[in-house]
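> Using this note's numbering, the letters of the sequence shown map in sequence onto residues 2 to 354.
Take a look at the following structure, please.
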Amino acid sequence: MPLQIVGRSRLFILILSLSTFGLFYSKYYLQNVPDPVLADNTAAIPSTPSSIPLVSAFFPLSKSKHTMREYEWWLCQFLQPITTDIYFYTSAEMVPVVRKCRGSLHITIDITFSTPFDIPPLRDLEEEYQKMYTLDREKDLHSSALWNGKPFFLDEAVKTLSRQGRNYDYAFWNDAGSFRSTHNFTDWPSLTQGSALTGQKQEDLLFCRVPHPSHRYWQEDMGPIDNYFSEASFFGGSPQTVSWWRATYYAYHDHYLRQGHFVGKDQNLIHALFLLFPSRVIGVWLDDPDAPAHKALLPLENKDEGFLGTCGENWFYYQFWLASAPARESMHKIWESAARWTWGWWRQRHECL
């Protein structure tokens, strides 16, 4: 059965099917997308471009969980080692920092939007978001507009690159601050991992942690799910899937916002979409009782060790999971070396699965 959602002069018709969907936009949604303003439009494209682009963004916040110094360090951990093509949205004042972190590697810097509220799906919603913040248990620390801008940024970057004659089979969003420790990932992510493990076509897959069994009782009208069984740091797929995700995400964003639900955390809305479209999702059971590390001693309170082994922080496990075999082996050595200097150094440890 199709789901019809009408609101704010938009009509979305989504056919709940793995391979096909119907999508109709009103004129309102298609207009007012400005031509991109690229700070590095003349940057040389490498002779051997990567097979995918990574899309990201950073807009400074007046209030944040972290300092600007922390964000800059994380930004450089992402932009300096990763050789994959990067399309980056930011404000004009942040361009020097982005260029410094990226160095000589290719990057497209897009300064079309000064804030996430400038993008069409969120335009004129700033007042509604201010009202919605009263529902947020961490209201002083969240950047809801940037979080909810990710599907738009990814899809628009793919379209901009296509107009430049740069067409890719896949494209992915990656949070600018998601690489928070030393790593050896370079040509990342590896596209072979998803289809090799699941047998499903890569263009039909999303990746997340397996949700708790209690969520089987969730119903669509309950709204977004405020829980931690997935995250929004990384997502993507084929250009068609990226466009589908954008349309689906904003259809439910607007629908739940009109109903008075809190939509300020993208992962809460994503949780709902995962349960609505489970056939598109790859699941990883981080607490797998059959994993070797789980069968051994229970993990200590160590952020770098879990039931899948010594894998770094669970929150960023996807980085290892999506890496090539050589990169994984290199990270095993880094984590094992670091573990020798932690409490519990005497314990048996297992390589990350």
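Every residue gets a Cβ at the ideal spot worked out from N, C-alpha and C, and that includes glycine.
What's the gap between the Cα of Val-211 and the Cα of Ile-87?
Here the model assigns Val-211 a pLDDT of 48, short of 50, so the residue's position is not dependable and the matter cannot be decided.
> Tell me whether the segment 148 to 161 and the segment 117 to 124 touch, counting them as touching only if at least three CB pairs, one residue from each stretch, are closer than 8 Å.
yes
> Using only alpha-carbon positions, find the residue among Asp-111, Glu-73, Val-56 and Trp-148 that is nearest to Gln-268.
Trp-148
> Hey, Ser-191 and Ser-325: beta-carbon distance below 8 Å or not?
Contact flag set, yes.
> Does DSSP put Tyr-319 in a helix, a strand or coil?
helix
> Provide the residue span of the beta strand (DSSP E) that contains Trp-174, from first to last.
First-last of the beta strand (DSSP E) with Trp-174: 172 to 175.
> Does Ser-239 come out as helix, strand or coil in the three-state DSSP assignment?
In this structure, Ser-239 counts as coil in the three-state DSSP scheme.
> Opposite Tyr-251 in the DSSP bridges: which residues?
DSSP, once it has assigned bridges, lists no residue as partnering Tyr-251.
> Please name the residue, chosen from Ala-328, Gly-237, Gly-313 and Phe-317, that lies closest to Ala-339 on a Cα-to-Cα basis.
With respect to the C-alpha of Ala-339, the residue from Ala-328, Gly-237, Gly-313 and Phe-317 having the closest C-alpha is Gly-313.
> Using the Cα positions of Phe-186 and Phe-79, report the straight-line distance between them to the nearest angstrom.
Here the alpha carbons of Phe-79 and Phe-186 stand approximately 9 Å from one another.
> Within the same chain, show all residues whose beta-carbon is closer than 6 Å to that of Leu-136, passing over the 5 residues directly before and after it, in chain order.
Phe-263
> DSSP has Val-56 in a bridge; who is on the other side?
Tyr-88 and Trp-174
> Is Phe-236 buried or exposed, if buried means 16 or more other CB atoms sit within 10 Å of its CB?
Around the Cβ of Phe-236, a 10 Å sphere holds 16 or more other Cβ atoms; the residue is buried.
> Which of the three DSSP states is assigned to Ile-335 in this structure?
helix
> Run the CB neighbour count on Ala-93, radius 10 Å, all protein chains shown included, and call it buried at 16 or more, exposed below.
exposed
> Leaving aside the five residues before and after Thr-116 along the sequence, list all residues of the same chain whose C-beta is less than 8 Å from its C-beta, in chain order.
Within the same chain, Thr-116 has close Cβ partners Phe-60, Ser-92 and Ala-146.
> Could you tell me which residues DSSP pairs with Ile-110 in its beta bridges?
Phe-89
> Among the residues of its own chain, which have a CB less than 6 Å from the CB of Tyr-318, if the five just before and after it don't count?
Cys-312
> What does DSSP give as the partner residue(s) for Leu-39 in the beta ladder?
Asp-111.
> Ignore the nearest five residues each way along the sequence and tell me which others in Asp-36's own chain have a CB closer than 8 Å to its CB.
Thr-113
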